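Novice: The structure that follows is given in the form of structure tokens.
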Amino acid sequence: MRFIACTKLALLSSATVLLSGCSWLGFGGGGQQSHQQGAYQAQSASYNGSQAQYNVQSGRRALGRCQITTPTQRIPQGCRPEQVTLALGGSQAGYGGQAGQYTSGGYGSHVGAAQMAQANYAPQAQVKRPRLRGQFGLEIDHSVGGELYATEITPLVAAYDRPTFEEGSVTGSVADGRTTTVTYTSSPARIGEIYTPKISFDDVYTAPLRVSGGFEYILGDNATVFATAGYTQAEGKKGGSVAINEELLEITTEETFITNAADGVVGTSLGTTSGAIFLPNENAALFDYEFSELVKYDFEVGGRYYFSPILSNTIKRPLTPFVSASGGAAHYNETTVRENQRQRFLGRAFDDTQVSPTGDFYDVSFGTPTQIYDAQWVPYGAVKAGLEWQMTPKTALAFEAGIKYESARDFSDGTKGDDIISVPITIRGSYNF
818 MRFIACTKLA LLSSATVLLS GCSWLGFGGG GQQSHQQGAY QAQSASYNGS QAQYNVQSGR
878 RALGRCQITT PTQRIPQGCR PEQVTLALGG SQAGYGGQAG QYTSGGYGSH VGAAQMAQAN
938 YAPQAQVKRP RLRGQFGLEI DHSVGGELYA TEITPLVAAY DRPTFEEGSV TGSVADGRTT
998 TVTYTSSPAR IGEIYTPKIS FDDVYTAPLR VSGGFEYILG DNATVFATAG YTQAEGKKGG
1058 SVAINEELLE ITTEETFITN AADGVVGTSL GTTSGAIFLP NENAALFDYE FSELVKYDFE
1118 VGGRYYFSPI LSNTIKRPLT PFVSASGGAA HYNETTVREN QRQRFLGRAF DDTQVSPTGD
1178 FYDVSFGTPT QIYDAQWVPY GAVKAGLEWQ MTPKTALAFE AGIKYESARD FSDGTKGDDI
1238 ISVPITIRGS YNF
């Protein structure tokens, strides 16, 4: 068997030599042209073989699960956009000898497809950065300083009439020869102070809600500028109160009368005796102030500086800290106030039937609305800091807080109010165009 195999191999080798010789001599279909095609194909095969060998020797690695070879290739199944890398060919594999270049960069949200330069077949990776981002925010603008209204002593307080609010009762009769009158009232004789605390912005508008929208323009790797418009609304509440703090009195008066004709004219008074119980330092009446709804719209411009992402080893999607500064102007609607009087149940303070330990009160009157601020514009400025989380290649969510200073408004009578200092807390979403 070995002899037959060797014989066949020798015959095939001889045939190959003969055919090659014919082709050298110009025999065998095709002549010189066939010879040239055969030589070209042989050389091409040889080149491909050597190139494959070169690629192996040069240390070229196989494609990873999330690697692509051209920027237009689809994202591999099961991979997120930020995981995709571009495998670069040739002996120079990306920047710094890296096998691939990530197609994401900048703020964690500026993701673009890498583009390959065609000159000399030398591939280069480029990052496409978006220039414009749309933004939408929700903000709680909580005030921490500044007075909205100084009550002072209003005409309604100054006109407080004690006898109008007296309580009392009469027992017995003239025919019985004795009457007992109990009167509950108040007196400024011993204490008699009027407390007029100032009413802060936070007393009336605890947590104004601001809705905003705008755009952010990306200047470079770290800096951006932005412009937003906002609308703020808050329900007006009762804020503060003026307290008439004085002495509460229970006055008891007994009067006796002649009941026997032998003693004189029946019904004639024989005299009175009286005594009093007092409770000092008690609120006899309260005046509270109910304010109109707050409506405000504003415009602001500013800039942000983004630092390098943090926790990059533990969080797959970038978490980027930033600081910002901005300034703008806000337009307030007019502000009105109603002064309401509440009167103390005086008798309950002495007979131990009151529900509240500070006294029970009832509504006496509701004043008419009085305008205290005109509609007007005021300037403001703010500094903030926060974190931005890249949710997807195009969307991000940011949380920020800071300090805002707002100039004082003028009262309707021309006097100046207080500056307002607040701590805005904001959640803001962004979308890359």
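Here the sequence shown stands for residues 818 to 1250, numbered as in this note's numbering. Cβ atoms here follow ideal geometry from the backbone N, Cα and C, with glycine treated the same way. Quick caveat: nothing in here was measured; it's all calculated off a predicted structure.
Assign SER986 to one of two classes, buried (16 or more other C-beta atoms within 10 Å of its C-beta) or exposed (fewer than that).
Specialist: It is exposed - the Cβ of SER986 has fewer than 16 other Cβ atoms within 10 Å.
Novice: At what residue ranges does the region 1037 to 1096 contain a whole run of the alpha helix (DSSP H), taking only runs of 4 or more?
Specialist: Here no run is fully enclosed.
Novice: Grab me the residues of GLY1084's own chain with a C-beta within less than 6 Å of its C-beta, minus the 5 sequence neighbours each way, in chain order.
Specialist: Excluding residues within five positions, the ones whose Cβ falls inside 6 Å are VAL991 and PHE1074.
Novice: Helix, strand or coil: which one does DSSP assign to ALA1166?
Specialist: Helix.
Novice: Under three-state DSSP, which class holds VAL1021?
Specialist: Note: VAL1021 maps to helix in three-state DSSP.
Novice: Quick one: using the 10 Å Cβ neighbour count with 16 as the cut-off for buried, is THR1041 buried or exposed?
Specialist: By the neighbour-count rule (16 or more Cβ atoms within 10 Å), THR1041 is buried.
Novice: Inspect the CB distances between the region 1143 to 1155 and the region 1104 to 1119 and report whether three or more fall short of 8 Å.
Specialist: With the cut-off at 8 Å, the region 1143 to 1155 and the region 1104 to 1119 touch.
Novice: Name the one or two DSSP bridge partners that ASN1249 has.
Specialist: ARG950, per the DSSP bridge assignment.
Novice: Please list the terminal residues of the continuous beta strand (DSSP E) segment that includes ALA1199.
Specialist: That run of the beta strand (DSSP E) goes 1193 to 1207.
Novice: How far does the alpha helix (DSSP H) with VAL991 in it reach, from first residue to last?
Specialist: Premise fails: VAL991 is in no alpha helix (DSSP H) and is neither H nor E.
Novice: Helix or strand or just coil, what does DSSP make of PHE982?
Specialist: Helix, per DSSP.
Novice: Check whether the Cβ atoms of THR1137 and LEU1214 lie closer than 9 Å to each other.
Specialist: Not closer than 9 Å, so no.
Novice: Buried or exposed: which applies to VAL1021, given that a residue is buried once 16 or more other Cβ atoms fall within 10 Å of its Cβ?
Specialist: When all chains shown are included, VAL1021 counts as buried.
Novice: Quick check: the region 1055 to 1072 against the region 1123 to 1134, are at least 3 beta-carbon pairs closer than 8 Å?
Specialist: Not touching, per the Cβ criterion.
Novice: Nearest-angstrom Cα distance between SER1143 and GLU1117?
Specialist: Near 7 Å, if we compare the C-alpha coordinates of GLU1117 and SER1143.
Novice: Cα separation between THR1049 and SER1017?
Specialist: The straight-line gap from Cα to Cα measures roughly 18 Å.
Novice: Can you check DSSP and say which residues form a bridge with ASP958?
Specialist: In DSSP, ASP958 forms a bridge with PRO1241.
Novice: Between GLU899, ALA1146, SER1141 and LYS1055, which has its C-alpha nearest GLY1120's C-alpha?
Specialist: Minimum Cα distance to GLY1120 is reached at SER1141.
Novice: What does a CB cutoff of less than 6 Å around SER1182 pick up in its chain, not counting 5 residues either side in sequence?
Specialist: Here the set comprises GLN1158.
Novice: Helix, strand or coil: how does DSSP classify ALA975 here?
Specialist: If DSSP states are grouped into helix, strand and coil, ALA975 belongs with the helices.
Novice: Any beta carbon from chain C within less than 9 Å of THR1085's own beta carbon?
Specialist: Protein chain content of the structure displayed is limited to a single chain, and chain C is not contained in it.
Novice: Mapping the DSSP letters down to three states, classify GLN894 as helix, strand or coil.
Specialist: If DSSP states are grouped into helix, strand and coil, GLN894 belongs with coil.
Novice: Considering only the alpha carbon of each residue, which of THR889, ARG948 and HIS1148 lies closest to LEU1036?
Specialist: When each option's Cα is compared against that of LEU1036, the closest is ARG948.
Novice: Which residues in the same chain as PRO1014 place their Cβ atom closer than 6 Å to its Cβ, once the five residues preceding and following it in sequence are excluded?
Specialist: Contacts found: GLY1057.
Novice: Could you give the first and the last residue of the continuous beta strand (DSSP E) run that contains VAL1140?
Specialist: Element bounds for VAL1140: 1136 to 1149.
Novice: Going along the chain, which residues of its own chain have a beta-carbon closer than 8 Å to the beta-carbon of GLY1081, five neighbours each way excluded?
Specialist: These residues qualify, in order along the chain: ILE1075.
Novice: Mind reading off the beta-carbon distance from VAL1200 to ALA1147? Whole number of angstroms is fine, and I expect it under 8 Å.
Specialist: Not a contact, Cβ separation roughly 17 Å.
Novice: If you run the structure through DSSP and keep just helix, strand and coil, what is GLU899?
Specialist: In the structure shown, GLU899 sits in a helix (DSSP, three-state: H, G or I).
Novice: If you follow the beta strand (DSSP E) that GLY963 is in, where does it begin and where does it stop?
Specialist: Unbroken run through GLY963: none, as it is neither H nor E.
Novice: Distance check for GLY1176 and LEU973, CA to CA, integer angstroms please.
Specialist: So the two alpha carbons sit approximately 21 Å from each other.
Novice: Taking just the CA atoms, how far does LEU1087 sit from THR1070?
Specialist: Cα-Cα distance, rounded: 13 Å.
Novice: Considering just the uninterrupted stretch of the beta strand (DSSP E) at ASN1157, what are its terminal residues?
Specialist: That run of the beta strand (DSSP E) goes 1152 to 1161.
Novice: In the structure shown, what three-state DSSP assignment does ASP1115 receive?
Specialist: DSSP places ASP1115 in strand when its eight states are reduced to three.
Novice: Apart from the five residues just before and just after GLU1099, which ones in its own chain have a Cβ nearer than 6 Å to its Cβ?
Specialist: These residues qualify, in order along the chain: LEU1065.
Novice: Can you list, in chain order, the residues of its chain whose CB lies under 6 Å from that of ALA904, leaving out five sequence neighbours each side?
Specialist: Excluding sequence neighbours, ALA904 sits near LEU880, GLN884, THR886 and GLY917.
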